[in-house]
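Chemist:
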Amino acid sequence: MRRFARAGGIDELLIRAVKRQSILDEYKPHLYQRWNEGCYDIPRLHRELRELGFPGGLQTVRRYLREVKQHGFPAIRPRISPVSRGSSTPAASSGQQQVLSSVMF
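Here it is, written out as C-alpha cells:
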C-alpha cells in the first residue's frame, strides 16, 4: 500500500511493473528458438525448461506465451559466451599446456 501512496502517478507504478525481471528471462532464448522451430505445445516447452533448470510453473510459461501469441516475441539480445568475449580460444591451464607441449614436441 505504501508504494501506491508514495507514487507520483500511475506512470511511475506502470514503469516499475514493466521493467522488473522475470524468472523466465534466462530461458526466453530457448522458448524463442523452439517457438520458431514450430513447437507450440506449452506443456512440452515447460518440461524442456524444467530440464534446463527452470524453477517456475506451467502457468508462468503459459502467461508469457499468451502475450507472445498476441504481440510476438520482444527483442531478445543474443547471449554472449565467455569464449567470444576475449580471445577466439579459451586459455589452457598450465597442466593442459604441458600436455600439449609434450605431444607437440
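Numbered by this note's numbering, the letters in the sequence shown go through residues -13 to 91 in order. The C-beta atom is built at its ideal place from N, Cα and C for all residues, glycine as well. Remember, predicted model here, so these are calculated numbers, not experimental data.
#1: What's the C-alpha gap between Asn22 and Arg6?
#2: Between which two residues does the alpha helix (DSSP H) harbouring Ile9 extend?
#3: Could you check what DSSP says for Ser80 in three-state terms: helix, strand or coil?
#4: Beta carbon of Val47, beta carbon of Leu31: below 8 Å?
#5: Just verifying my parser: in three-state terms, what is the DSSP assignment at Glu53?
#6: In its own chain, which residues sit with a C-beta less than 6 Å from the C-beta of Leu35, not counting the 5 before and 5 after it?
Modeler: Result, derived from the coordinates:
#1: As a working mapping, residue 22 is identified with position 36 in the sequence shown. As a working mapping, residue 6 is identified with position 20 in the sequence shown. For Asn22 and Arg6, the distance between alpha carbons rounds to 26 Å.
#2: Translated into the one-based positions of the sequence shown, residue 9 becomes position 23. That residue, Ile9, is in no alpha helix (DSSP H); it is neither H nor E in DSSP.
#3: Sequence index remark: in the sequence shown, residue 80 carries index 94 (1-based). Residue placement at Ser80 is flagged as unreliable, the pLDDT there being 48, under the threshold of 50; a coordinate-derived value is accordingly withheld.
#4: Within the sequence shown, residue 47 is the residue found at index 61, counting from 1. Within the sequence shown, residue 31 is the residue found at index 45, counting from 1. Contact flag set, yes.
#5: Start at 1 with the first residue of the sequence shown, and residue 53 comes out as number 67. Note: Glu53 maps to helix in three-state DSSP.
#6: As a first step, residue 35 must be located in the sequence shown, where it is residue number 49. So the list reads Tyr13, once near-sequence residues are dropped.
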